[in-house]
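**Student:** Let me give you the structure first, and then I'll get to my questions.
Protein chains: 2
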Amino acid sequence: MVILDGKKISNQIKDEIATEVTQMKERGEKVPHLAAVLVGNDGASLTYVGSKVRSCKRIGFESTLKHLPEDTTEEDLLSLVNDLNKDPEIDGYIVQLPLPKHIDEQKVLMAVHPDKDVDGFHPTNFGKMALDMETFISATPYGIMELLRRYEVDTEGKHAVIIGRSHIVGRPISILMSQKGKAANATVPLCHSRTKNIKELTLQADIVVSALGVPHFLKADMVKPGAVVIDVGITRVEDKSKEKGYYITGDVDFEKVKEKASYITPVPGGVGPMTIAMLLKNTLLARERHRGNA
Amino acid sequence: MVILDGKKISNQIKDEIATEVTQMKERGEKVPHLAAVLVGNDGASLTYVGSKVRSCKRIGFESTLKHLPEDTTEEDLLSLVNDLNKDPEIDGYIVQLPLPKHIDEQKVLMAVHPDKDVDGFHPTNFGKMALDMETFISATPYGIMELLRRYEVDTEGKHAVIIGRSHIVGRPISILMSQKGKAANATVPLCHSRTKNIKELTLQADIVVSALGVPHFLKADMVKPGAVVIDVGITRVEDKSKEKGYYITGDVDFEKVKEKASYITPVPGGVGPMTIAMLLKNTLLARERHRGNA
């Protein structure tokens with residue numbers, strides 16, 4: 000059994016990007032600049048955004064954090080988005096989700112210019128991804144694909160069952176894995192809350208991608224021996240014995256499933272770190288595109 | 000066994016649209032106007048475009064056919080597309096595919112303004128469809144969904160196997176059928192040329208959608224008793240005994256498969272006529288949106 004070490008691969012990718020940034024600097028070029036917009040003080044969001052900003056520093060990107068108060072109006076947020084769209088210094092930016100309830104999330108994501116949408120959430124970028132055109136692929140599915148590619152996991156003609164139809168993970172990964180190309184060409188059933196026989200399906204699967212957010216949902220008796228298991232769930236479980244008051248767990252009953260799997264991602268340290276690496280890769284792409292257009 | 004009569008349902012939909020057009024006229028409003036761009040003289044394309052124009056006439060739409068010679072340059076075609084984008088008289092238009100080989104199809108489709116793209120081929124519209132937002136859904140998958148809805152075929156929690164991953168049928172129908180909503184909520188494996196065990200998969204399927212374009216690909220021994228069978232294949236087979244020199248056939252071995260199926264679409268007269276009806280429905284939507292914005 001091989002652990003798909005997202006932390007290690009993520010660091011490799013960051014090192015590769017850092018090398019490119021060094022070369023950019025040597026050539027006297029502008030380095031990539033990522034901005035992050037955070038509204039309010041959600042604990043997990045603060046952690047994620049902090050981690051993104053630190054990663055930028057580490058690899059030599061410029062970064063800007065726009066931290067707005069919880070009671071920011073939709074109008075003010077849209078006005079900031081509009082400013083970021085026009086700002087030639089910013090190559091790409093993200094609006095950290097979830098947004099406070101009084102703000103229409105879809106409206107905000109639609110306002111992000113597709114050329115700066117390094118999260119790949121805008122319909123134009125999502126559509127290009129689905130139609131196999133060059134675009135910003137959203138970071139989590141992109142990270143899963145890259146992890147499979149770097150470990151040279153054979154997916155061609157395999158049965159890859161995806162659990163969960165979210166717009167940010169389940170849906171895009173189901174599309175990417177069934178396209179032509181490396182780490183793809185799989186036969187992909189997408190399962191969800193209305194699927195009646197999930198266990199029957201996962202037992203047939205050569206590859207299982209679980210993106211439900213239900214701790215320990217995928218048990219050892221649901222997995223075929225030798226399967227590749229990708230765990231995209233990240234749930235905080237309250238635990239007063241821990242310093243932070245919680246621990247992080249995935250969708251997979253890791254200790255037992257790893258005895259049956261051929262490859263498996265841990266949580267934390269699997270798909271999570273890959274997500275940040277691919278966001279940085281998208282930002283590098285945005286910079287290269289802007290340079291190309293300039 | 001029930002024949003899913005696309006011709007009948009298509010006529011119903013056209014009648015419904017015609018009623019709306021009559022009301023528009025009575026209110027003194029502009030009626031929907033569809034334009035079709037045809038380059039060259041491909042036989043099937045001439046038939047399709049002719050049929051679209053006749054359907055417009057029948058239901059009271061205005062229509063314009065822009066028929067360009069085979070040797071039209073890409074530049075000239077893009078310039079026409081640009082004119083159509085700007086023409087306030089045209090609510091929506093299609094560029095009939097395939098285009099001659101010297102023209103970059105993707106470049107042309109990208110140039111069609113998403114608000115007039117009643118074929119739903121532009122990435123922005125495709126992305127909205129995939130993200131479950133209101134948009135122009137491309138006519139063939141939209142027609143399949145509408146046919147299933149009008150016959151009240153139960154798809155919730157069912158296993159719906161899609162054969163073929165084309166951008167205009169297989170991919171979008173796999174997305175639509177696995178979304179929430181009516182005629183959806185199915186568990187959907189998308190199969191393609193690299194899938195190893197298609198027969199094993201189709202034998203598990205409650206619903207099979209075949210969009211391969213291979214005559215008689217789906218045989219009776221590949222179908223579970225009681226399955227719903229949707230045939231999207233339309234192939235012209237040469238036959239000198241026929242007046243036209245060919246006959247039209249689908250992917251499904253209809254005569255034998257119909258003995259096992261609960262519902263089945265014939266070819267011709269199944270999905271084909273639905274495609275035109277949904278194109279008209281998209282054009283009506285385009286008109287309503289333009290009126291809303293005016």
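So the protein lines, in turn, are chains B and X. All the letters of the first sequence, read from the start, carry residue numbers 0 to 293 under numbering that gives the first Met the number 0. All the letters of the second sequence, read from the start, carry residue numbers 0 to 293 under numbering that gives the first Met the number 0. The beta carbon of each residue, even a glycine, is placed where N, CA and C say it ideally should be.
Count the other CB atoms within 10 Å of the CB of residue 26 of chain B; is the residue buried (16 or more) or exposed (fewer)?
**Tutor:** As a working mapping, residue 26 of chain B is identified with position 27 in the first sequence. Answer is exposed; the Cβ neighbour count stays below 16.
**Student:** Can you round the beta-carbon distance between residue 233 of chain B and residue 249 of chain B to whole angstroms, since I take them to be within the 8 Å contact cut?
**Tutor:** In the first sequence, counting from the first residue as 1, residue 233 of chain B sits at position 234. In the first sequence, counting from the first residue as 1, residue 249 of chain B sits at position 250. About 7 Å; that satisfies the 8 Å criterion.
**Student:** Specify, as a first and last residue, the run of the beta strand (DSSP E) that residue 161 of chain X falls within.
**Tutor:** The sequence position of residue 161 of chain X within the second sequence is 162, counting from 1. 159-162 is the extent of the beta strand (DSSP E) around residue 161 of chain X.
**Student:** How about the stretch 101-114 of chain B and the stretch 106-115 of chain X: do they share at least three Cβ pairs that are nearer than 8 Å?
**Tutor:** With the cut-off at 8 Å, the stretch 101-114 of chain B and the stretch 106-115 of chain X do not touch.
**Student:** For the candidate residues X/134, X/258, X/144, X/209, whose alpha-carbon lies nearest to that of residue 155 of chain X?
**Tutor:** Stepping through the second sequence from its first residue, residue 155 of chain X is reached at position 156. Nearest C-alpha to residue 155 of chain X: X/144.
**Student:** Quick one: grab the DSSP three-state call for residue 83 of chain B.
**Tutor:** Taking the first residue of the first sequence as position 1, residue 83 of chain B is located at position 84. The answer is helix: DSSP assigns residue 83 of chain B an H, G or I state.
**Student:** Identify the contact partners of residue 155 of chain B in chain X, using a Cβ-Cβ distance below 7 Å as the criterion.
**Tutor:** Taking the first sequence and counting its residues from 1, the one referred to as residue 155 of chain B is at position 156. What residue 155 of chain B touches in chain X: 193.
**Student:** For the ligand NAP, is there a heavy atom less than 6 Å away from the beta-carbon of residue 239 of chain X?
**Tutor:** The ligand NAP is absent from the structure shown, which contains no ligands of any kind.
**Student:** At a CB distance below 9 Å, what residues from the stretch 128-161 of chain B approach chain X? Give them in sequence order.
**Tutor:** Cβ contacts with chain X come from 128, 129, 130, 131, 132, 134, 155, 156, 157, 158, 160.
**Student:** With H, G and I counted as helix, E and B as strand and the rest as coil, what does DSSP make of residue 167 of chain X?
**Tutor:** Your numbering for residue 167 of chain X matches position 168 in the second sequence. In this structure, residue 167 of chain X counts as coil in the three-state DSSP scheme.
**Student:** Any chance the stretch 250-266 of chain X sits against the stretch 121-134 of chain X, with 3 or more Cβ pairs inside 8 Å?
**Tutor:** The stretch 250-266 of chain X vs the stretch 121-134 of chain X: no contact.
**Student:** On a CA-only basis, which of X/206, X/131, X/277 is nearest residue 167 of chain B? Give me that one, please.
**Tutor:** Within the first sequence, numbered from 1, the residue matching residue 167 of chain B stands at position 168. The residue with the shortest Cα to Cα distance from residue 167 of chain B is X/131.
**Student:** Relative to the C-alpha of residue 56 of chain B, which residue among B/279, B/291, B/235 is closest?
**Tutor:** Here residue 56 of chain B refers to the residue found at position 57 when the first sequence is read from its first residue. When only C-alpha atoms are compared, the closest one is B/279.
**Student:** So, are the CB atoms of residue 334 of chain B and residue 59 of chain B less than 7 Å apart?
**Tutor:** No information on residue 334 of chain B is available, as it lies outside the stretch 0 to 293 that chain B covers here.
**Student:** Does residue 220 of chain X pass the burial test, meaning 16 or more other C-beta atoms within 10 Å, or should it be called exposed?
**Tutor:** Within the second sequence, residue 220 of chain X is the residue found at index 221, counting from 1. Exposed, because fewer than 16 other Cβ atoms sit within 10 Å of the Cβ of residue 220 of chain X.
**Student:** Answer yes or no: do residue 217 of chain X and residue 209 of chain X have a C-beta to C-beta separation smaller than 7 Å?
**Tutor:** Numbered from 1 along the second sequence, position 218 holds the residue referred to as residue 217 of chain X. Numbered from 1 along the second sequence, position 210 holds the residue referred to as residue 209 of chain X. Contact: yes.
**Student:** Unbroken alpha helix (DSSP H) runs of length 4 or more, entirely within the stretch 198-267 of chain X: which are they?
**Tutor:** Fully enclosed alpha helix (DSSP H) runs of 4 or longer: 253-256.
**Student:** Assign residue 277 of chain B to one of two classes, buried (16 or more other C-beta atoms within 10 Å of its C-beta) or exposed (fewer than that).
**Tutor:** Translated into positions along the first sequence, residue 277 of chain B becomes position 278. Buried, because 16 or more other Cβ atoms sit within 10 Å of the Cβ of residue 277 of chain B.
**Student:** Tell me residue 61 of chain X's beta-bridge partners as DSSP assigns them.
**Tutor:** Position 62 of the second sequence holds residue 61 of chain X. Beta-bridge pairing links residue 61 of chain X to X/32.
**Student:** For the stretch 137-152 of chain B and the stretch 3-11 of chain B, state whether three or more C-beta atom pairs, one from each stretch, are separated by less than 8 Å.
**Tutor:** The answer is yes - the stretch 3-11 of chain B touches the stretch 137-152 of chain B, with three or more Cβ pairs under 8 Å.
**Student:** When you compare only the Cα positions, how much space is there between residue 293 of chain X and residue 82 of chain X?
**Tutor:** Sequence index remark: in the second sequence, residue 293 of chain X carries index 294 (1-based). Sequence index remark: in the second sequence, residue 82 of chain X carries index 83 (1-based). Bear in mind that the predicted position of residue 293 of chain X carries a pLDDT of just 49, short of 50, making it unreliable; the figure below should be weighed with that in mind. When rounded, the distance between both Cα atoms is 19 Å.
**Student:** Under three-state DSSP, which class holds residue 143 of chain X?
**Tutor:** Stepping through the second sequence from its first residue, residue 143 of chain X is reached at position 144. Correct three-state label for residue 143 of chain X: helix.
**Student:** Does the beta carbon of residue 177 of chain X come closer than 7 Å to any beta carbon on chain B?
**Tutor:** Indexing the second sequence from 1 puts residue 177 of chain X at position 178. Closer than 7 Å to some Cβ of chain B, the Cβ of residue 177 of chain X qualifies, so yes.
**Student:** In terms of residues, what are the limits of the beta strand (DSSP E) holding residue 91 of chain B?
**Tutor:** Taking the first residue of the first sequence as 1, we reach residue 91 of chain B at position 92. 91-94 is the span of the beta strand (DSSP E), which, as asked, contains residue 91 of chain B.
**Student:** Can you check whether the C-beta of residue 184 of chain X is within less than 7 Å of a C-beta belonging to chain C?
**Tutor:** No chain C appears in the structure shown, which is made up of the protein chains B and X.
**Student:** Note down, in chain order, each residue of its chain lying with its Cβ closer than 8 Å to the Cβ of residue 69 of chain B, except the 5 sequence neighbours on either side.
**Tutor:** Position 70 of the first sequence, counted from the first residue, corresponds to residue 69 of chain B. Cβ neighbours of residue 69 of chain B beyond the five flanking positions: 38, 39, 40, 99.
**Student:** Check each residue of the stretch 56-74 of chain X: if its Cβ is closer than 7 Å to any Cβ of chain B, include it; give the result in chain order.
**Tutor:** Going along the stretch 56-74 of chain X in chain order, one finds no residue with a Cβ nearer than 7 Å to chain B.
**Student:** With distances taken between CB atoms, is the gap from residue 51 of chain X to residue 35 of chain X smaller than 7 Å?
**Tutor:** As a working mapping, residue 51 of chain X is identified with position 52 in the second sequence. As a working mapping, residue 35 of chain X is identified with position 36 in the second sequence. Yes, they are a contact pair.
**Student:** Output yes or no for whether 7 Å exceeds the beta carbon distance between residue 270 of chain B and residue 222 of chain B.
**Tutor:** What you label residue 270 of chain B is simply residue 271 of the first sequence in a count that begins at 1. What you label residue 222 of chain B is simply residue 223 of the first sequence in a count that begins at 1. Contact flag unset, no.
**Student:** If the cut-off is 8 Å on Cβ atoms, which residues from the stretch 4-31 of chain X count as contacting chain B, listed in chain order?
**Tutor:** So the list is empty, because no residue satisfies the distance condition.
**Student:** So residue 125 of chain X contacts chain B; which residues on that side make the cut at Cβ distance below 7 Å?
**Tutor:** Counted from its first residue, the second sequence places residue 125 of chain X at position 126. Those are 126, 129, 130, listed as they occur along chain B.
**Student:** May I ask you to list the residues that DSSP assigns as paired with residue 189 of chain B?
**Tutor:** Reading the first sequence from its first residue, position 190 is the one you call residue 189 of chain B. Paired residue(s): B/161, X/187.
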